[in-house]
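Student: Letter by letter, the sequence shown follows residues 3 to 71 of the working numbering. Where is the CB? At the ideal position from N, CA and C, for every residue including glycine. Before we start, here is the structure in question, set down as structure tokens.
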Amino acid sequence: MKGVGFEGYEFSVFDRWGNEVFHTKEITECWDGIFKGHPLPVGAYGYRLIADLPFDEIEIFTGTLNILR
3 MKGVGFEGYE
13 FSVFDRWGNE
23 VFHTKEITEC
33 WDGIFKGHPL
43 PVGAYGYRLI
53 ADLPFDEIEI
63 FTGTLNILR
């Protein structure tokens, strides 16, 4: 059996206070560090990726990303 893709996708980015600054369900949509039309400050941001896999499985990935300018 070759690799199996996922059926759905949800990606969110959060600031240090837990406010959601980006959210998408579209795999082709990317985040450029902009929130409400303004660039966010340099620093660490948390992310959560929820992947809907075949056979009704869900994987959740979390981590940190950094904005550098």
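Less than 7 Å separating the beta-carbons of residue 9 and residue 27?
Tutor: Residue 27 sits away from residue 9, with the two beta carbons spaced by 7 Å or more.
Student: Tell me the DSSP secondary structure of residue 21 in three-state form.
Tutor: Residue state for residue 21 is assigned as coil, using DSSP reduced to three classes.
Student: State the CB to CB distance for the pair residue 54 and residue 60, rounded to an integer number of angstroms; the pair is presumed to be in contact (CB under 8 Å).
Tutor: The C-beta separation of residue 54 from residue 60 comes to about 6 Å, placing the pair in contact by the 8 Å criterion.
Student: Along the beta strand (DSSP E) that carries residue 10, what are the first and last residues, could you check?
Tutor: 10-16 is the extent of the beta strand (DSSP E) around residue 10.
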